[in-house]
Amino acid sequence: MTDLTLAVALPLLAAFVRPLFNAGALRWLGQLIGPVVLALVTVILFAHWSTFSEPFAIALGGFAPPLGIAFYVDRMALLFALAVPLVTLLLWPGDDGADGARRQSLTLLLAASLTGLALSGDLFNLYVFYELAAVASYGLVAGNGSSAGYVAAFRYLMISALGSVVGLLGIGLVYFKTGTLNLAELATLGNELADPQGLAAFAMLAIGFGVKAEMFPVNGWVPEVYGAASRRVAALLAGLASKLAVLVIVRILLLMFPSDEARQLLLVLGILGVVSGELAAYQARDMARMLGWSSIGQLGIVFIAFSLPGEAGLVAGVAAALHHLVVKSALFVLAGPWGGAIDRLRGAATVSALGAGLFVLFALSLLGLPPLPGFWSKFLVIGGLADAGTALHYLGMAAVLTGTVIEGAYLLRVITTLYAPPAGSPAPPRQRGSDLLTAGLFGIALLAAAVMIDPLWQTLDALAVSGVDTAAYQQTVLAAQEAHP
Amino acid sequence: MTGSLDFLLLLSVVGVPLAALLAPSVVGRWLLVLLYVVQLVELALLGSGDGARSAVSFSLLGHSVGWQLDALGWFFAMITVAAAGFSAAYAAGEWGTLNARAGLSLRWLYVGLQVNVFAMLVLLAAGDMVALFIGWELTSWAGLLLMLLAGGEAIAAARRYIVYAIAGGMMVLGGLLMTLAAAGSLQFDAVAAAIPTVGTSALWAITLLFVLGFSVKMATMPFHLWQAPAYAFSPAPASAFLGAISARMGLFAIALVAIKLIGIVQLDRLYLYFDALNLRNLLAWVAVFTAILPTFVAMKQNDARLLLGWHGVGQGGYMLLGLVMADSLGSAGGLLHVFNHATYQAILLMAVFAVIHRTGTADLNRLGGLVARMPLSFLAMLIGIIGLAGLPPMNGFVSKWMIYRALILEGQPLLFVATVISTLGTVLSVYKLLHNTFLGQLRLEHETVKEAPWSMTIPMLVLCVVVFVTGVAPGLVLEYVAAAQQALGLAPVAFILGGIDSPAGTLDMIWVTAILLAGFGIGAVLFYLMGGRSRRVHQLDNYAGGHFLTADVRYQYSDNFYAGLMHRIRPWYRGSFAWAEEALVSTFGAIATAARGFFEQANPAHWVLVGTTLITTWVMWHALV
Amino acid sequence: MTTQIGLVFFIAAIGLCVIGIGGIVLSRNLFRMVLALAIAEAGANLLLVLAGYRWDAVAPILSAGQMPAPMVDPVPQAMVLTAIVIGVGVQALALTLVVRVKQRYGTLDMQLARERMNAEIDATADVTPPRSQERPRGERPLPAPAGGAHD
Amino acid sequence: MRNIATLLFLGGLAFLLIVITGSLDFGAPPMRIGTQIQAATAGDVGTANIVTAVVLGYRGLDTLGELSILFAAATAGGLVLGSAAARARPDGGFILRAGADLMFPLLLIAGLYIVIHGHLTPGGGFQGGVILAAAFFLPLLARPGTTPGHRWLMWIEGLSGATFIVIGLLALYRGDAFLTPLFDHGTLGELVSGGSLPLLYLAVGLKVGAELAGLLMRLAQDDEVTS
């Protein structure tokens, strides 16, 4: 069995050497290196996933966990880690000219850091990976070459960096109180963090990591970045990066701050996210920003789901996150040629029937048409809310349900425009073959999930059972000492 | 040989690709009609008893999801498949060919029709609440498929529909999951067993969410605005199908959930105002207003399709009213009305679309005098409006009689008077429809209009026969209605072939018809005995006050119909609901603009500061309290 | 006494942070925003390094394998080292962006840059921007004041 | 108005944060891992500078991530400014040129010294790397005409980063965990001690130097176009 640290190390290595093979005789090697490494990482992770039996920990550098950095590998970490190279591979940027190498290099860095976010079990290490992901995504956003991209990237950078400062204060606070950074050891110190200072630390960490997760008050960057960046980058950020950031917040919540107040905070922020995102999306008149706002709303649902206590919340959250990962990535890919004004899409279905069909499929899943996975994720979320049954939870339920109605209104506007008779000139934009292929693969994944919904749910359930088991986390990580004397 | 539910469902799934394959050719379309016949036969073989259980069942997320067709579902399913068959036949011949030439996608039309049938079967045969919701959502979206086909104004109507439909669906989902939280299971038995133990506030929430959600599809007030345009502007067969049965899925679901699972007793328990007004009374009043207001809105319409669409909304009120009476007579009347309404509504829409097919318009101010040009269509519409108005000897009379009777017996004089007012409106407005289309002055441009082709008239006429026969011998249908009542847990109605024979009242339509026909016979005999004088003149050969009238002079009283009555009731047409809807949408738009303003910050970091401060304040406040 | 001195340090760290945040939020100049960011990061780093401070302790360097006296916590120092370098990277990238924005839009004003960015996004998306409610369309009805100094 | 609101929020935030941190126990940290690391460093890693042991040993992955962030920033900077064409700029003048010539070897030596002694004394790859970057950046300021060796920098960047990872992977190949220090610890406090840590710091130093030099050169170059 190969070591899981390779999933982080290899993409980093590839990213470092990628610019060296940008010209000359070895150009082909440069072209190949990214996809090959990502495929390799996918295989490694999949091998782990398929033979997975027990959660285990890896002590990096051979230093016993509370001292050194540890990776903690359970099903949840593996699932999200597996999603990273897979989705990155699907959204791999093409090489166009000199900047292609840099863009691929940044994409590899993003993939490595996101995998790290999934696996790492150390608070500060999470911060480092998070920052790496952030810097790589600034570069990717600005890499579009448009002036708007530079301003959007700068504004994104400002929000994100400010969030990081707040997050760093949170880390400082935690370290001040506990003197350790290892999540497992922090989990054993439950009551040391169960005071207002701890709650404040959680709030700060949530704000810090929430920027990428498009959490409510710190998501001002979303519409402009998705409007200005290339659609594949938007797909990576909205689909993949946001989920890993959410995962980090969830890990922190579960291990360090398992209090009702912390959950309540996430719930309220989630509700506000759903409401503000969906409402703003309703007013959008171009597809890219509409999808951006819609993804704020969807991530609000994810936050609401994760705020539910126990396994039920984890299952619902992971289901909602995975569903949004597939659907929103695919929708952004389709928004490549179709990202502009919605009015300009009149009759686009006549020139790209497959694209329009895929759009309808994803939209219907997003709205929760029953046999599609979107329905089941919504089912789990709302079921959990109904079960929890406080006034705030009912409010969340109302927000999710109302949000879906709003979503229906604006998505149907797009669909009816797509299928309307063409306006004449200018001709409706046509989908590119490569985008259709990518979106088609996502579509196949979605349909496969719809067919295999029950095994999938059982997997998620098993995942959640071990996910909420913080005692196992502590034991596994702190026992890793013996494994590497 | 008995049928199997799985085979039926399989047949209807296979029908979808078949429809895509066969729809473009005339022969193919007739084969598709045959497919509906096969489905109908299969359904008939299943029989109206309980026990047609599907072998297919899933365990999804810990809920077992299966399908079982009970007598109630079977009753609705028969109507559904038959309505689809008639609609398919209507479009199979010339209508389809000509409209395909004009740019309509027959492929999508037939696929849509078949998808609708499949979705409704999934809904009607639901064996538990998850299956019910799956069927419910599929039905909602399948309806959209048919509504979008015509383009133009249909698109706007369809968008409005889907917002209503999603809102309804989400309410149902909320109710469903609150039921799950309260009952711990979504199996019908378990839910029915757990409902009596649920607390009042939770029961209120569950019941309201379900009933409101389902009644969106029923288009009961205040959710009635979407239906008429959405159904009216669909292509002819789609309109006939949707108008005949689609909205009744809401009634089916209300019957299933509110009456079978939650139970009338529980509805009575939910008091709105101390112990004066309970939920059941409220539903009855909503139903009655749904019967009245849309009927009078229909009277004002100048588009024949919209007029019928609004009637469809109104008639739904009767059904719900009968159903919530929940006695044997009333609920039987409500269910029977589903069947009756489906038959004559299909006839009426088909007749209107036949007129559109020949003249190109449904504008009641641009038609008239077509009776001699399209006599068969006229006959069909005549029979249809007699049914819709609830006059003997057509079937509409029977069901309405049962509902009236139940209202009187249940001691609801106010509701009774209200329904009579509604019926008055119905009679007036359907006369407007018939008169403005077929009677009066023929327009010059319609002088050469011919009767609709046989492929369109035959389905209408067959349905006319059905309307008449089931009007004379309602017992044929009441047998299945009684079974459906039993499936709902209500007392079944005591019926005979000619009607009702129970202590609650007696009606024998065979006698009624005989007397009516005898009356007509005597009239005819008198007429012919007196010499039977009549003279055939050309339809444009008219004179008034001793002057011949040239054909280009309009002297027909068609625009501003019922001016006298309208003058009296005009102040009541305030469009309050449309106004409220508009106000809601624009309020919503304003809030949405505000939400968008949240993202329009000059300084990107502004909200980070505000958010951090507010959250930290919350934390500290939390620590202090 | 000790807590009061601690409070001074905390006020310093948090003051730096809040000054930085305020600088970012209040200033319209892109370059100043980068500088403010550096200040804010310095504050956070200061707090972090305070987390490892011990009274009467020495730097964590071993001499000849001995621990001569209590040493301060080395971990926050390593963390701060990392955080500083991260900050440098982010600030450098921010500066390159500022240079580019200045080149393309000819301004360092956040408000103007944002307006131009939105106009560009709208233009590429082929969307007409929503009309502002505040600004009247067309010419001002009154002539501008002669001096133009007060407005 | 808006500014007043912002100031109120700022004041509130400052107040709240001070309230929150005010009750922390300053000067007596819990040092859960700190004490253990201090005790274990000599045996585990064998560097005199415990901070270095933490940076490269216990938290080596952080350092790798940090290098990657610098690399990402440089790459992104290249992506943003990459296409700018260099233009001639007035010469730096005699004082600058002479000063640069004079400083270059000194800076080089100082930088390398700090890098190489990172495991013994305060300092290390980052600090030394910055000085190295300054050493290579100064001549460019003095002689704007000289072509900056972007290709060279690129190779140093790529290879030194790769070296860091490869050293980590070697441990993996040997059967240990990723980034486990290689070789013998040697004698504490000597130049050749701490196993592979000095090598790692050398890679870090080179990478940081190259990265920063590259970024600065790009900025300087682009500045010519702007002004």
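Protein chains in written order, with numbering that gives the first Met the number 0: chain X, 0 to 484; chain H, 0 to 624; chain F, 0 to 150; chain W, 0 to 226. For each residue, glycine too, the CB sits at the ideal point set by N, CA and C.
Secondary-structure assignment with DSSP links Y270 of chain H through a beta bridge to H:N277. For R52 of chain H, the enclosing beta strand (DSSP E) starts and ends at 51 to 59. The C-alpha of A218 of chain H lies about 7 Å from the C-alpha of L224 of chain H.
Excluding sequence positions up to five before and after S351 of chain X, its CB lies within less than 6 Å of the CB of R429, Q430, all in the same chain and listed in chain order. Counting only the Cα atoms, I414 of chain X lies some 28 Å from F576 of chain H.
The three-state reading of DSSP puts H223 of chain H in coil, since its state is none of H, G, I, E or B.
Annotation for Q126 of chain W: I113 place their beta carbon closer than 7 Å to its own, counting only its chain and skipping 5 residues before and after.
By the Cβ rule, the region 248 to 267 of chain H does not count as touching the region 600 to 612 of chain H, because fewer than three pairs are nearer than 8 Å. For M619 of chain H, at least one C-beta of chain W is nearer than 8 Å to its own C-beta.
In this structure, the straight-line span from the alpha carbon of G308 of chain H to that of Q226 of chain H is close to 7 Å.
A distance below 6 Å between beta-carbons, with the five flanking residues on each side excluded, links M32 of chain F to the following residues of its chain, in chain order: I23, S26. In chain order, P28, M30, G33 make up the part of chain W whose C-beta sits under 7 Å from the C-beta of D72 of chain F.
Residue pairing by DSSP places L366 of chain H in no beta bridge whatsoever. When the alpha-carbon of R262 of chain X is set against those of X:L344, X:F201, X:V273, X:P427, the nearest one is in X:F201. Contact annotation for L608 of chain H against chain W: T5, F8, L9, L12 [CB-CB distance below 9 Å, chain order]. One alpha carbon belongs to A147 of chain X, the other to R158 of chain H, and they sit about 34 Å apart. Counting only unbroken stretches of 4 or more residues, the alpha helix (DSSP H) elements lying wholly within the region 106 to 171 of chain X are 122 to 141, in sequence order. For D302 of chain H, the secondary structure class from DSSP, reduced to helix, strand or coil, is strand.
At least one beta carbon of chain H lies nearer than 8 Å to the beta carbon of L15 of chain W. Excluding sequence positions up to five before and after V274 of chain X, its CB lies within less than 6 Å of the CB of A398, all in the same chain and listed in chain order.
Secondary structure at D326 of chain H: coil, using DSSP grouped into helix, strand and coil. A distance of 8 Å or more separates the beta carbons of C16 of chain F and L107 of chain X.
If only complete runs of 3 or more residues are kept, the region 142 to 220 of chain W shows no beta strand (DSSP E) anywhere. Of all residues in the region 60 to 73 of chain X, none comes within less than 7 Å of chain F when Cβ atoms are compared.
Interface annotation, V44 of chain W: not in contact with chain F, CB-CB separation never under 8 Å.
The Cβ atoms of A239 of chain H and M170 of chain H do not sit closer than 8 Å to each other. In this structure, L105 of chain X places its C-beta atom within 8 Å of the C-beta atom of G138 of chain X. When DSSP states are grouped into helix, strand and coil, V249 of chain X belongs to the helix group. Residue pairing by DSSP places Q67 of chain H opposite H:R52 in a beta bridge.
Using a Cβ-Cβ cut-off of 9 Å, I18 of chain F is close to nothing in chain X; its nearest Cβ partner there is about 12 Å away. For H605 of chain H, the chain F residues whose Cβ falls inside 8 Å of its Cβ are V24, in order along the chain. The CB of I158 of chain X comes closer than 7 Å to the CB of P603, A604, V607 in chain H, given here in chain order. Going by C-alpha positions, A193 of chain H is about 21 Å away from L59 of chain H.
Beta-bridge partners assigned by DSSP to Y542 of chain H: H:F547.
The C-beta separation of G296 of chain X from R230 of chain X comes to about 19 Å, leaving the pair out of contact by the 8 Å criterion. The beta carbons of L205 of chain W and G76 of chain W sit about 18 Å from each other, so the pair does not count as a contact at 8 Å.
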